[in-house]
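Be aware that the sequence shown starts at 33, since it is given in this note's numbering, and climbs by one per residue. First up is the structure itself, then whatever we jot down about it.
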Amino acid sequence: MSKVLVPFYSAYGHIHEMAKAVAKGAEETGAEVRVVRIPESQMAKEGMSTQEAYVEAQNKQADIPEATTDDLVWADGVVWGIPTRFGNMPAQVKQFMDAAGGLWANGSLEGKVAGIFTSTNTAHGGQETTIITSIVPLLHFGFIFVGLPYGENPEMTEREFVGGTPYGASTLAGPDGTRMPSEGELTMGGRLGARVAKVAEKLST
Ligand SMILES: Cc1cc2nc3c(=O)[nH]c(=O)nc-3n(C[C@H](O)[C@H](O)[C@H](O)COP(=O)(O)O)c2cc1C
């Protein structure tokens with residue numbers, strides 16, 4: 033049985049919903065799953081706490097434990113929930129990765145499996161760039177990266193406008209942020225969770 037960590041950052045709840053689907057997909061393989069929230073920054077909290085959507089989404093996450101770098105050591109596979117910020121990862125995720133510098137130094141994460149799911153407001157607002165650029169630090173840590181190929185992601189070829197990339201699962205929040213993940217996007221998230229869990233299981237035995 034593999035141990036799968038789902039660390040996520042979600043200001044408005046879309047990545048949180050995807051994280052639940054990813055966790056379910058991993059659990060269905062028999063994996064032990066831990067869902068944890070990447071700590072919010074004081075600056076972002078101060079800037080966004082006047083927004084109703086932010087406060088509501090944060091309240092829904094209040095019971096989820098905050099991620100620690102020890103969680104990364106515990107896991108065989110890590111499925112990162114990373115919404116886009118200008119086509120890149122949010123500073124909160126970067127700060128968490130930077131805090132794991134000691135684990136890089138002693139090679140603790142080398143050989144673990146990683147996948148990524150993301151969210152953007154707009155269709156071409158950075159889904160691929162967020163995932164691809166986030167792979168760079170993961171490779172420095174020594175993670176073995178797992179994507180979500182077309183064979184496991186048939187929704188990608190539908191004509192209807194949905195998230196989903198070969199690099200990882202994704203959702204679209206829409207221009208005003210009110211669109212929540214569709215069934216198809218949650219299904220793709222679940223498949224990514226299962227895929228990381230299965231590869232981690234194989235590599236850890
Ligand atoms: C500072 C900032 C930068 C953002 N940059 C982008 C962007 O480059 N492209 C895009 O489509 N959406 C962008 N967004 C929208 C977020 O990606 C969107 O709110 C997020 O994916 C929703 O996920 P969440 O509900 O889990 O926070 C940005 C949002 C913020 C606050």
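Ideal Cβ positions, reconstructed from N, Cα and C, are used throughout, including at glycine.
- In this structure, the C-beta of S151 approaches ligand 1 to less than 7 Å from one of its heavy atoms.
- Annotated three-state conformation of G216 is helix, per DSSP.
- In this structure W106 is exposed. Its beta-carbon is surrounded by fewer than 16 other beta-carbon atoms within 10 angstroms.
- Excluding its 5 nearest sequence neighbours in each direction, T165 has C-beta neighbours in its own chain below 6 Å: N120, listed in chain order.
- If you look at A94, you'll find it isn't in any alpha helix (DSSP H); DSSP assigns it neither H nor E.
- A direct Cα-to-Cα measurement between A146 and G222 gives close to 14 Å.
- Secondary structure note for G109: its beta strand (DSSP E) is the uninterrupted segment 109–115.
- No residue range can be given for E187, since it is assigned to no alpha helix (DSSP H) and is classified by DSSP as neither H nor E.
- Leaving aside the five residues that flank S42 on each side, the residues in its chain whose CB is nearer than 6 Å to its CB run, in chain order, H48.
- Contact annotation: the region 212–228 touches the region 53–60, with at least three C-beta pairs closer than 8 Å.
- In this structure V194 does not touch G109 by the C-beta definition: roughly 25 Å separates them, more than the 8 Å allowed.
- E64 and L235 have their C-alpha atoms spaced approximately 15 Å apart.
- Annotation: the continuous alpha helix (DSSP H) that includes L135 extends over 133–137.
- The Cβ atoms of G158 and T116 sit closer than 8 Å to each other.
- Judged by pairs of C-beta atoms under 8 Å, the region 197–206 touches the region 174–181, as three or more such pairs exist.
- For A55, the three-state secondary structure derived from DSSP is helix.
- L141 is a Cβ neighbour of L104, given a cutoff of 8 Å.
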